[in-house]
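Some notes on the structure that comes next.
Structure below.
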């Protein structure tokens, strides 16, 4: 059973489209995250939710909107996609303490290519 | 200046070599230090985690933290081709900051 699963794994789309990525964790963790990894492998946090409440919202364009329907799910919707949005998006989860200690469990990533 | 600096490599070594991977950081507030391993087309996975200064050993892997120098290291003994991956250091003092990652290739 996959601990943190994301769908879809691959997304190829045109500029200006809207797309969503879904994430689910079955670890019973309280905190979930979205990270973006660019072509140079920099992994940067975008959002963090604790028990459905937004706790970290980094400087991310408001075209990106996360949604957490319950503590096991965190989705990411992106409007009006731009070329610079091409990246791998990782979902992760942690126990509440893991948010400070850095013990995160990552999904396999969703590779987004904007043409 | 970035909060966490890591040489991206790539680093290529022969099988059996000792590998040394390093990161420097600037924020004295960091208390937790991690190494993540990321295989190609996979998500990062936590490899080692230490709190404050000192050494931690786990099999062929040793993590070292020197808070006075703001320097952390990961040593891999008897490296294997299966160790070929990108190794990311990460640090936390409330928020987790990742280094760029060092791409390691271990040749048979």
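Chains as they are written, first to last, in the numbering used here: chain A, 1437 to 1551; chain B, 2 to 109.
Don't be surprised by glycine CBs; every beta carbon is placed ideally from N, CA and C.
Fill in: Per-residue burial, residue 1469 of chain A [other beta carbons within 10 Å of its own, 16 or more giving buried]
buried
Worksheet item: What residues from chain B crowd round residue 1481 of chain A, counting only those whose CB sits closer than 8 Å?
Response: 96 and 97
Discussion item. Comparing C-alpha positions only, which one of A:1524, A:1523 and A:1541 sits nearest to residue 1531 of chain A?
Written reply: A:1541
Item to complete: Specify the secondary structure class of residue 109 of chain B as computed by DSSP and reduced to three states.
Response: coil
Worksheet entry | Contact set for residue 1547 of chain A: own chain, Cβ-Cβ below 6 Å, skip 5 residues either direction | 1446 and 1524
Discussion item. Does the segment 56 to 71 of chain B come into contact with the segment 20 to 35 of chain B, if we say contact requires no fewer than three beta-carbon pairs (one atom in each stretch) closer than 8 Å?
Written reply: Verdict: yes, contact present.
Worksheet item: The beta strand (DSSP E) spanning residue 1440 of chain A covers which residue range?
Response: 1440 to 1443
Worksheet entry | Minimum C-alpha distance to residue 1536 of chain A - residue among A:1497, A:1491, A:1551 and A:1521 | Closest option to residue 1536 of chain A, Cα to Cα, is A:1491.
Practice prompt. Have a look at the DSSP bridge pairing and note the partners of residue 1509 of chain A.
Written response: A:1460 and A:1506
Worksheet entry | Pairwise C-alpha distance: residue 1488 of chain A and residue 1506 of chain A | 6 Å
Item to complete: Output the residue ranges of the beta strand (DSSP E) runs that lie fully inside the segment 35 to 62 of chain B and measure 3 residues or longer, sorted by chain position.
Response: 46 to 52 and 55 to 59
Worksheet item: Mapping DSSP to helix, strand and coil, what is residue 15 of chain B?
Response: strand
Discussion item. Between residue 46 of chain B and chain A, is the shortest Cβ-Cβ distance under 8 Å, so that the two count as touching?
Written reply: yes
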